[in-house]
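Enquirer: Converting from the sequence shown to our numbering requires adding 535 to each position, the first position being numbered 1.
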Amino acid sequence: YVTTVERICEKIDETIALGGTGVLMQGGLHPDFGIEWYEDLLRTLHARYPNFQLHCFSPPEIHNIHLISGLSYVEVLTRLKAAGLNSMPGGGGEILDDEVRKRVSTKCNTDEWLAVMRAVHQVGLRSTATMMFGIGDSIVHRVRHLQRVRDLQDETGGFTAFIPWTFQRENTALGRRITEEPTGIDYLKMLAVSRLFLDNIEHIQSSWLTQGLRLGQVALRFGADDMGSVMIEENVVSAAGAHNTADEKMLRHLIRTAGFRPQQRDILYRPVNRDESAKIDASDSATLRELSVAFAD
């Protein structure tokens, strides 16, 4: 299916009304959409919302545009940046080892994913890096993934954050073939190792969306320094079986009770300060008045 621009604008309006500063927008690999379709979408959104951050697409999508349009990754990303793209999520990372990827992800291989991210950083954009583990991968595969992300960060410095999470298997074809899945302890260990291994990436994000709110909170004591975003609408992991939800007040409360001070940020990890008197009802608890999503020590 293809979502209309009008529907996307409705979601952006809703986000802005809630104090949001950007949107994460990704899609499938459409067989007919060349780069012009994506440029038109970005131009329309950027013209209507010039100060709103467009954190869009993924390496598999960029690879698909490259195949359809016959342009290099750098050419694709240069044009998308000119049309209004501000940064790119690290979707499709899964496990960056083709021994695993050839079984679970044929959208792009490891070298292609890394090449797209290198091009993202080359044109002056920032991105996140991700890992989805628990898809038949071993500790060795996970370490190779971390090493490849670390090496590219040493080369470009373009990753703002690393976001690991566990495979959500409930409603997926792959999940019917996976007999063992990571535990909460496995997730916390992965976070802690990521924080130590990726000392060249400033932020590690907790995935409360996939792990649950309480484990997401505990993750703040295991290497994560970011609780991620408030999700107004999410269609990927929820379809796979994860149904965790939280509003801004809940995330602020979890951050505070974990022993940290909340601070809202934008997609590029710059602090966002808002007029609280215009955003909070007087009946709200004084301990939940910072209107924040991320946190700082």
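Glycine included, every Cβ here is placed at the ideal spot set by N, Cα and C. All of these numbers come straight from a predicted model, not from anything done at the bench.
Are PRO594 and GLY569 close, meaning C-beta to C-beta below 8 Å?
Expert: Sequence index remark: in the sequence shown, residue 594 carries index 59 (1-based). Sequence index remark: in the sequence shown, residue 569 carries index 34 (1-based). In this structure, GLY569 does not lie closer than 8 Å to PRO594 by Cβ.
Enquirer: Would you mind stating whether PHE697 and ALA650 have Cβ atoms separated by less than 8 Å?
Expert: Numbered from 1 along the sequence shown, position 162 holds the residue referred to as residue 697. Numbered from 1 along the sequence shown, position 115 holds the residue referred to as residue 650. Result no, Cβ atoms of PHE697 and ALA650 do not sit closer than 8 Å.
Enquirer: By Cβ distance, which residues of its chain are closer than 6 Å to GLY719, with the 5 residues on each side in sequence left out?
Expert: Position 184 of the sequence shown, counting from 1, holds the residue named residue 719. Here the set comprises LEU750.
Enquirer: Can you have a look at THR539 and say buried or exposed, based on whether 16 or more other CB atoms are within 10 angstroms of its CB?
Expert: The count along the sequence shown starts at 1 and reaches residue 539 at position 4. Exposed, by the Cβ-count rule.
Enquirer: What are the residues that DSSP puts in a beta bridge with ILE739?
Expert: Here the question's residue 739 lines up with position 204 in the sequence shown. Answer by DSSP bridge pairing, in chain order: PHE697.
Enquirer: Are the beta-carbon atoms of ILE670 and PHE702 separated by less than 8 Å?
Expert: Counting from 1 along the sequence shown, the entry for residue 670 is found at position 135. Counting from 1 along the sequence shown, the entry for residue 702 is found at position 167. Yes. Within cutoff.
Enquirer: Hey, could you find the ends of the beta strand (DSSP E) ARG796 is sitting in?
Expert: Stepping through the sequence shown from its first residue, residue 796 is reached at position 261. Per DSSP, ARG796 belongs to the beta strand (DSSP E) from 796-798.
Enquirer: Assign ALA774 to one of two classes, buried (16 or more other C-beta atoms within 10 Å of its C-beta) or exposed (fewer than that).
Expert: Taking the sequence shown and counting its residues from 1, the one referred to as residue 774 is at position 239. With a pLDDT of 48 at ALA774, under the threshold of 50, the modelled position of this residue cannot be trusted, and the question is left open.
Enquirer: With 16 other CB atoms within 10 Å as the buried threshold, where does GLN746 fall?
Expert: Taking the first residue of the sequence shown as 1, we reach residue 746 at position 211. The residue in question, GLN746, is buried, as its Cβ has 16 or more Cβ neighbours within 10 Å.
Enquirer: Counting along the chain, where does the beta strand (DSSP E) carrying ARG661 start and finish?
Expert: What you label residue 661 is simply residue 126 of the sequence shown in a count that begins at 1. 661-668 is the span of the beta strand (DSSP E), which, as asked, contains ARG661.
Enquirer: Can ILE767 and THR556 be called in contact, C-beta distance under 8 Å?
Expert: Mapped onto the sequence shown, residue 767 falls at position 232. Mapped onto the sequence shown, residue 556 falls at position 21. No; because the gap between Cβ atoms is not below 8 Å, this pair is not in contact.
Enquirer: With a Cβ-Cβ cutoff of 8 Å, do GLN657 and ASP801 count as a contact?
Expert: Position 122 of the sequence shown, counting from 1, holds the residue named residue 657. Position 266 of the sequence shown, counting from 1, holds the residue named residue 801. In this structure, ASP801 does not lie closer than 8 Å to GLN657 by Cβ.
Enquirer: Our contact map puts ALA727 next to PHE757 with C-beta atoms below 8 Å; I'd like the distance itself, whole angstroms only.
Expert: As a position in the sequence shown, residue 727 is number 192, starting the count at 1. As a position in the sequence shown, residue 757 is number 222, starting the count at 1. With 8 Å as the limit, ALA727 and PHE757 qualify as a contact, their Cβ atoms being about 5 Å apart.
Enquirer: Compute the distance between the beta-carbons of MET623 and LEU660, then report whether it is under 8 Å.
Expert: Along the sequence shown, one-based indexing puts residue 623 at 88. Along the sequence shown, one-based indexing puts residue 660 at 125. Yes.
Enquirer: Between which two residues does the alpha helix (DSSP H) harbouring GLN688 extend?
Expert: Your numbering for residue 688 matches position 153 in the sequence shown. Taken as a continuous stretch (DSSP letters only), the alpha helix (DSSP H) holding GLN688 covers 674-691.
Enquirer: Give the secondary structure of GLY776 by DSSP, where H, G and I count as helix, E and B as strand, and everything else as coil.
Expert: As a position in the sequence shown, residue 776 is number 241, starting the count at 1. A caution first: GLY776 carries a pLDDT of 48, below 50, which makes its placement in the model too unreliable to give a value.
Enquirer: Measuring only the C-alpha atoms, how far is SER607 from HIS601?
Expert: Translated into positions along the sequence shown, residue 607 becomes position 72. Translated into positions along the sequence shown, residue 601 becomes position 66. Straight-line Cα distance between these residues: approximately 6 Å.
Enquirer: Assign MET560 to one of three DSSP states: helix, strand, or coil.
Expert: Counting from one through the sequence shown, the residue named residue 560 turns up at place 25. Reduced to three states, the DSSP call for MET560 is strand.
Enquirer: Which residues does DSSP list as the beta-bridge partners of SER622?
Expert: Taking the first residue of the sequence shown as 1, we reach residue 622 at position 87. BP columns for SER622 point to HIS590 and ARG661.
Enquirer: To the nearest angstrom, how far is the alpha carbon of ALA617 from that of ARG809?
Expert: On the sequence shown, position 82 is the one that residue 617 refers to. On the sequence shown, position 274 is the one that residue 809 refers to. Between ALA617 and ARG809, the C-alpha separation is close to 29 Å.
Enquirer: Do you know offhand how far ILE630's Cα is from THR641's?
Expert: Taking the first residue of the sequence shown as 1, we reach residue 630 at position 95. Taking the first residue of the sequence shown as 1, we reach residue 641 at position 106. If you take the alpha carbons of ILE630 and THR641, they lie about 12 Å apart.
Enquirer: Cβ of ILE790 within 8 Å of Cβ of MET762?
Expert: As a working note, residue 790 is residue 255 in the sequence shown. As a working note, residue 762 is residue 227 in the sequence shown. Cβ distance < 8 Å, so ILE790 and MET762 count as in contact.
Enquirer: The alpha helix (DSSP H) that contains SER729, what's its start and end?
Expert: Looking up residue 729 in the sequence shown gives position 194. Start and end: 719-732.
Enquirer: Can you tell me which of VAL655, TYR722, VAL611 and HIS676 puts its alpha carbon nearest to the alpha carbon of LEU692?
Expert: Here residue 692 corresponds to residue number 157 of the sequence shown, with the count starting at 1. It is Gly, not Leu, that sits at residue 692 in the sequence shown. Comparing Cα-Cα distances from GLY692 to each of VAL655, TYR722, VAL611 and HIS676, the minimum goes to VAL655.
Enquirer: Going by the CB atoms, is the gap between VAL635 and HIS676 shorter than 8 Å?
Expert: Position 141 of the sequence shown, counted from the start, is the residue given in the question as residue 676. Position 100 of the sequence shown, counted from the start, is the residue given in the question as residue 635. For HIS676 and VAL635, yes; Cβs fall inside 8 Å.
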